[in-house]
Amino acid sequence: MEQCWRWFGPRDPIPLAHVRQAGATGIVTAIHEHYRGEVWPEDAIAERKRVIEEAGLRWSVVESIPVPNAIKLGGEPAREATAAFAETMRRLARAGLRTICYNFMPVVDWTRTELRHPMPSGGLALRFDMTDFVAYDAFILDRPDAGRDYTPDLLAKAEARAKELTPEQVQRLESTIIAGLPGAEDSHSRAGIAAIIARYRDTAPDDLRAHLRAFHETVVPIAREEGLNLCIHPDDPPFPLFGLPRVVSTAQDLESIFAAVPERENGLTFCAGSLGARADNDLPAILSAHADRVHFVHLRNVSTDPDGSFVEDDHLVGNADMVTLLAILLKEEARRRDEGRTAATIPFRPDHGHLLLDDQEKRTNPGYSAIGRLKGLAELRGILTALAHPTYGALA
């Protein structure tokens with residue numbers, strides 16, 4: 001497997017020289033300066049690739065090309081937005097890129113409620129607290145009909161929580177939820193997010209599924225023509241937020257997506273942390289079922305609570321059995337080599353990491369500190385080395 005590292009471009013506080021020291025050989029990045037639905041300039045793509053290669057690394061995965069709300073809402077505006085997405089695909093292919101990650105979450109991207117949750121080790125983790133989220137949705141944002149989406153018990157807890165929050169705590173919670181975490185498409189204000197949510201009022205889950213299928217029916221043939229692999233990222237978290245449908249959350253969702261457009265270029269970013277935030281997602285079963293179309297992997301672990309809350313745990317602690325998942329992936333790579341596929345190696349990255357040591361005092365992108373990911377990558381590399389050991393490895 002190819003060991004990769006997410007890098008947010010020249011403004012990332014972690015320089016590429018440090019990425020090499022971490023042991024990664026591949027970079028996962030995007031042209032974040034052109035993240036509002038426009039076509040990415042070819043000179044910007046070429047420059048980003050040049051910078052990465054001059055550092056002795058390879059631009060392995062594009063994460064992500066944002067999918068604008070226009071595509072998710074469907075209709076005539078979706079055609080123009082899809083055409084822009086497709087043109088960016090073509091430009092990336094001409095530059096030699098082959099793997100493109102994207103997601104289909106409406107309005108908000110990956111979402112947390114706390115960025116510095118204390119762990120027993122003294123490290124700081126990302127957390128999604130369901131009561132905090134509902135407190136914001138139902139009693140701070142005051143979304144119409146929010147009460148219909150939650151149980152009376154959860155609403156009562158959330159109302160009490162909202163009343164306890166100081167103005168500073170409200171501001172911090174709101175910023176964490178809607179201001180945009182690293183890699184997100186948009187940053188919202190309270191009024192702005194309310195307006196965008198209202199645009200989805202008549203969009204049911206089946207409508208969003210139909211819009212995703214229409215998108216795939218256009219871009220997957222282009223991916224095949226251009227030698228690209230598209231790999232959709234699961235919803236994070238894998239359940240509805242703000243009353244909005246999410247349709248890339250479960251094993252059944254994935255089955256439906258790939259049955260509708262079955263080409264292998266219509267692939268999956270297998271994210272253990274996103275899918276693992278639902279107790280009913282059997283991670284080894286999902287990975288085994290779709291291994292042939294897994295083009296990229298995020299390895300992260302979560303520990304969950306019964307109400308849907310979760311914390312990003314150590315990479316080897318939580319709902320995901322990393323040893324089993326990595327064994328499945330190594331077997332899939334071997335199968336691809338036996339099949340004669342030229343691109344048998346699967347890129348992966350340690351997805352997020354705790355704030356550790358003096359990173360707690362530095363400027364970092366939430367989830368993307370250096371030391372936490374260094375630790376996670378080393379742990380994952382250790383599993384891979386042990387599994388493949390010629391004498392003692394289970395896959396030798």
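1 is the number of the first residue of the sequence shown in the UniProt record's numbering; add one for each residue after it.
Just so it is clear, CB atoms sit at the ideal spot from N, CA and C, and this is done for glycine as well.
field: Close-in-space but distant-in-sequence residues of the same chain around GLU379 (CB under 7 Å, 5 per side omitted)
entry: HIS315 and LEU316
- prompt: By Cβ distance below 7 Å, which residues in the same chain neighbour THR203 in space, the five residues on each side in sequence not counted?
  reply: LEU73 and PRO245
message: So, for ILE197: in the same chain, excluding its five sequence neighbours on each side, which residues have a beta-carbon less than 8 Å away from its beta-carbon?
response: VAL107, ARG143, PHE242, GLY243 and LEU244
query: Hey, how far is the Cα of HIS295 from the Cα of ASN266?
result: 10 Å
- request: Run the CB neighbour count on PRO15, radius 10 Å, all protein chains shown included, and call it buried at 16 or more, exposed below.
  value: exposed
message: Alpha carbons only, please: which of GLY9, LEU326 and ARG300 is nearest the one belonging to HIS32?
response: GLY9
task: Pick out whichever of VAL170, GLU168 and SER369 has its Cα sitting closest to the Cα of GLY353.
output: SER369
- request: Along the alpha helix (DSSP H) that carries ARG278, what are the first and last residues, could you check?
  value: It is not in any alpha helix (DSSP H) - ARG278 carries neither H nor E in the DSSP assignment.
Per-residue DSSP class, three states only, for LEU349: Rather than Leu, the amino acid found at residue 349 in this sequence is Arg. In this structure, ARG349 counts as strand in the three-state DSSP scheme.
query: Contact between the region 146 to 161 and the region 340 to 348: three or more CB pairs below 8 Å?
result: no
task: For ALA162, write down the residues that DSSP places opposite it in a beta bridge.
output: Answer is none; ALA162 lacks a bridge partner.
- prompt: For PRO205, is the classification buried or exposed, using 16 other Cβ atoms within 10 angstroms of its Cβ as the cut-off for buried?
  reply: exposed
- request: Find out if the Cβ-Cβ distance for the pair ILE45, ALA95 is shorter than 8 Å.
  value: yes
field: Alpha-carbon to alpha-carbon, SER309 and MET130
entry: 5 Å
- prompt: Taking the runs of the alpha helix (DSSP H) that are 4 residues or longer, which of them lie wholly in the region 10 to 64?
  reply: 16 to 21 and 42 to 54
task: State the Cα-Cα distance for the pair THR324 and THR166, rounded to the nearest angstrom.
output: 44 Å
message: For the structure I just gave you, are there three or more beta carbon pairs, one from the region 213 to 228 and one from the region 254 to 264, closer than 8 Å?
response: yes
TRP5 - partner residues in DSSP beta bridges: ILE27
- request: Look at GLY37 and PRO68 and say whether their C-beta atoms are less than 8 Å apart.
  value: yes
query: Is PRO347 closer than 8 Å to VAL61 when the C-beta atoms are compared?
result: yes
- request: State the CB to CB distance for the pair ALA320 and ALA272, rounded to an integer number of angstroms; the pair is presumed to be in contact (CB under 8 Å).
  value: 4 Å
- prompt: Is GLU264 helix, strand or coil when you go by DSSP?
  reply: In the sequence as displayed, the identity of residue 264 is Arg instead of Glu. Three-state result, ARG264: coil.
Reduced DSSP category for ALA125 - H, G, I as helix; E, B as strand; rest coil: strand
Check whether ARG98 and ASN229 have beta carbons under 8 Å apart: yes
- prompt: Closest to GLN171 by CA distance: which of ALA146, ASP145, ALA195 and ALA135 is it?
  reply: ALA135
message: I believe ARG112 touches GLU63 by the beta-carbon criterion, under 8 Å. Please report the beta-carbon distance rounded to the nearest angstrom.
response: Not really, about 18 Å apart at Cβ, beyond 8 Å.
task: Given a cut-off of 8 Å, decide if PHE104 and VAL297 are closer than it, judged by their beta-carbon atoms.
output: no
Host alpha helix (DSSP H) of PHE242 (start-end): Element bounds for PHE242: n/a, residue is neither H nor E.
message: Just to confirm before moving on: does the CB-CB distance between GLU159 and PHE128 stay below 8 Å?
response: no
Pick from LYS331, ALA277 and GLU255 that is closest to PRO306, judged by C-alpha positions: ALA277
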